[in-house]
Every structure is written in C-alpha cells, then in structure tokens.
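Peer 1: Please read through the structure below; I'll follow up with questions.
2 protein chains.
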Amino acid sequence: MKVLKQRSTCPISTALDVLGDKWVLLILRDMVFAGKSTYGQFLQSAEKMATNILADRLAVLESQGILNKAVAADKKSKFTYRLTEKGVDTVPLIIELVLWGAKHCPTIIDPRLLAELQDEKAAAVEKYKQLARDMARA
Amino acid sequence: MKVLKQRSTCPISTALDVLGDKWVLLILRDMVFAGKSTYGQFLQSAEKMATNILADRLAVLESQGILNKAVAADKKSKFTYRLTEKGVDTVPLIIELVLWGAKHCPTIIDPRLLAELQDEKAAAVEKYKQLARDMARA
DNA sequence: TCAAAACACTTGCAAATTGCAAGTGAAAAT
DNA sequence: ATTTTCACTTGCAATTTGCAAGTGTTTTGA
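Sequence order for the protein chains is C and X. Just so you know, the first sequence maps onto residues 1 to 138 in the UniProt record's numbering. Just so you know, the second sequence maps onto residues 1 to 138 in the UniProt record's numbering.
Following this line, the structure appears as structure tokens:
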C-alpha cells in the first residue's frame with residue numbers, strides 16, 4: 001500500500017500530492033480518451049513510459065482509490081484497470097489540460113474534438129464522464 | 001533559458017511537460033488565490049518549498065511565457081512576478097484542482113469559496129481570471 | 001503435451017532531480 | 001558605516017528516474 005505524504009491541508013496542494021505527476025495524468029488520459037485498461041495498452045502510448053514507473057503509478061492510483069484492479073473477464077493472466085467515481089471526477093481537470101495545451105502549445109488535436117470541448121464544455125465533460133463510467137462497467 | 005523536452009504532440013502531454021509539476025502549480029495557486037508576486041512571498045507557503053526549487057521553477061515559468069519578471073516599482077532589489085495571459089489561462093485548471101481536492105481528499109477550505117466554485121463555476125472562473133489580470137497590471 | 005509466446009511485472013544500476021543547509025552579493029534601512 | 005533584507009547560488013546526501021534485462025505465471029499453437 002503506497003502512502004503519499006500530504007504537504008498541507010490546502011485542497012490544491014493535496015490534489016497535487018497525487019495528481020501532480022505527469023505519468024499519473026497520462027494514465028488517466030489513456031483511460032478516459034483512449035479507453036485503455038491494461039498494463040500492456042498503457043505501455044504503448046507515444047510517451048513511452050518505463051515499465052517500473054507504470055507499475056508504481058498504477059499502484060499509487062489504486063491505493064488512492066482512483067482506479068480498481070481486477071482479473072480480466074477473458075484471461076486469468078490479464079488485469080483490467082477501471083476508473084472509480086473518484087477517477088471519473090478527474091475528467092473536468094483533464095479537459096482543462098487539453099484546452100490549455102491546445103491553445104498555448106504546439107500540439108496536434110482533432111479539430112472536431114477541440115471544437116466540442118471549447119463550444120460545449122459542460123456537455124462534453126458530462127459525455128466523457130459517462131463514457132468513462134460505461135467503460136468501468138464493461 | 002530553460003528548455004523543456006516535449007514528449008509527444010498530444011495537448012495533454014505537452015501541457016503536462018510544464019504544468020505537471022507540484023511546485024509549478026503551487027506557485028500559480030499563490031499568484032491567483034493569494035495575490036503573491038515575490039520570491040519571498042512564495043517561500044512562505046505552508047508547503048515550504050526549497051529555495052533552489054523555487055528559483056528553478058520561476059525560471060521555467062518565465063521561459064515558458066507563463067509569467068513575467070520585473071524590477072519592483074518601490075525597490076530596485078526586489079522583483080515582481082506577474083502572470084501573462086497564458087498564465088491567466090491556467091485559472092480554470094487550478095479551479096478544477098480545488099474542486100477535486102475538496103471533494104475527494106481531507107482538506108480545509110472556506111465553505112463560501114467552495115460554494116462559489118461549485119454553484120457558479122463559469123462566473124467564478126471569469127472572476128478569478130480577471131482578478132489575476134488586474135494584479136498583473138498593478 | 002509440451003515448447004513458445006504473451007503478459008505483467010521486478011530487479012539492478014547509472015544518471016538526473018530533490019531537499020536541506022549554508023553561503024553570496026547587491027540594495028535598503030538604521 | 002553597519003546591519004538587515006532580499007533574491008538567489010552552491011555543495012552534497014538522499015531519493016527518484018529511465019533504461020535494459022530478467023522473472024514467473026498463463027495461454028496459445030504444433
């Protein structure tokens with residue numbers, strides 16, 4: 001059981017104690033926007049995270065109740081990671097990261113997705129939260 | 001001039017290359033919600049960041065165009081750091097961090113601030129963006 | 001049925017980053 | 001003139017990262 005130290009009682013600081021890590025948020029991105037759920041799928045991302053870092057971050061996220069680990073339905077040797085409701089609640093944060101990155105950094109993004117997030121943010125947040133929930137049940 | 005390496009062309013990943021750091025976001029928090037603008041003020045936060053880390057992160061934020069450094073109006077030995085519009089645009093992200101932290105972690109927050117952020121998020125985002133802009137002119 | 005492949009990690013280690021304490025140098029106050 | 005304030009810098013031990021290789025179960029396929 002991974003234990004994180006809380007630096008203060010500030011909500012921002014405490015949120016950052018777990019979410020203030022590049023790899024953690026890329027895992028959440030892959031779950032929300034790419035529907036990924038296994039160790040092998042997370043390793044295939046463009047950012048090439050190291051295997052030990054991935055294992056460590058999955059353990060942190062599980063111990064923090066942001067995702068659940070379970071044996072896959074089809075294979076006993078496979079695990080699936082699913083978002084809890086606490087994990088689903090990071091969707092608005094991830095969407096703000098998309099919007100900031102797309103506006104201020106040189107990046108590549110599907111223009112339709114960007115338009116959807118910009119023009120109907122509240123609806124898009126609900127849509128991706130629900131998608132994340134549906135995947136968690138699958 | 002600090003150079004950051006971009007891990008991919010994904011907007012989330014690229015945003016995280018600069019914002020995916022606990023100390024960077026605490027500096028932005030202090031500017032937006034506490035109106036801080038000097039090296040000495042940042043050092044006084046509850047999280048006690050080390051002096052060398054603070055100097056490093058301020059240099060990163062300046063080189064990324066998120067804040068500007070200028071000699072203070074009153075004293076030549078003092079610098080003031082102010083948010084650029086790129087920095088002001090992190091306000092929605094910071095507000096999502098507040099909401100997630102307050103909802104899912106044991107933290108302490110003024111109930112009126114929380115209610116304001118929860119019940120009228122869009123208006124609150126605009127309000128704090130404008131406050132941040134006004135401080136940048138002061 | 002038995003060897004090979006897939007899958008999810010673990011381990012070892014060099015290199016980079018962090019956190020702490022102390023030091024530096026210029027301007028302000030006394 | 002001297003002390004204090006302010007904004008850093010430096011040195012160094014300890015932690016964390018990133019890379020490559022290895023381990024131990026399933027599962028697939030001949």
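The beta-carbon is built from N, C-alpha and C at its ideal position, and this holds for glycine as well.
At a Cβ threshold of 9 Å, is C/Pro111 touching chain X?
Peer 2: no
Peer 1: Rounded to the nearest angstrom, what separates C/Lys127 and C/Glu96 at their Cα positions?
Peer 2: 15 Å
Peer 1: What residue from X/Ile12, X/Ser13, X/Leu26, X/Ala72 has the CA that sits closest to C/Arg7's CA?
Peer 2: For the residues X/Ile12, X/Ser13, X/Leu26, X/Ala72, the minimum Cα distance to C/Arg7 belongs to X/Leu26.
Peer 1: Using only alpha-carbon positions, find the residue among C/Thr38, C/Ala46, C/Lys48 that is nearest to C/Asn68.
Peer 2: Measuring from the Cα of C/Asn68, the nearest candidate turns out to be C/Thr38.
Peer 1: Taking the beta strand (DSSP E) that X/Thr51 belongs to, which residues open and close that run?
Peer 2: Per DSSP, X/Thr51 belongs to no beta strand (DSSP E); it is in the alpha helix (DSSP H), 51 to 63.
Peer 1: Which residue comes first and which comes last in the beta strand (DSSP E) that contains X/Arg7?
Peer 2: Under the DSSP assignment, X/Arg7 falls outside any beta strand (DSSP E); it carries neither an H nor an E label.
Peer 1: Ignore the nearest five residues each way along the sequence and tell me which others in X/Asp30's own chain have a CB closer than 8 Å to its CB.
Peer 2: Lys36, Gln41, Phe42, Ser45
Peer 1: What does residue 142 of chain C pair with, by DSSP beta-bridge criteria?
Peer 2: Since the first residue of chain C shown is 1 and the last is 138, residue 142 of chain C is not available in this structure.
Peer 1: For C/Ser13, collect the residues of the same chain with a Cβ closer than 6 Å to its Cβ; drop the 5 residues on either side in sequence, then sort them by chain order.
Peer 2: Exclusion of the five residues before and after C/Ser13 leaves Arg7 as the residues of its chain whose Cβ lies within less than 6 Å of its Cβ.
Peer 1: Tell me where the alpha helix (DSSP H) around X/Ala123 begins and ends.
Peer 2: For X/Ala123, the enclosing alpha helix (DSSP H) begins and ends at 121 to 137.
Peer 1: Using a Cβ cut-off of 7 Å, pull out every chain X residue sitting near C/Ala15, in sequence order please.
Peer 2: Leu97, Trp100, Gly101, Cys105
Peer 1: Apply the 10 Å Cβ neighbour rule to X/Thr51 and answer buried if 16 or more other Cβ atoms are within range, or exposed otherwise.
Peer 2: exposed
Peer 1: Rounded to the nearest angstrom, how far is the Cβ of X/Thr90 from that of C/Thr9, given a contact under 8 Å?
Peer 2: No, X/Thr90 and C/Thr9 are not in contact; Cβ-Cβ is about 22 Å, not under 8 Å.
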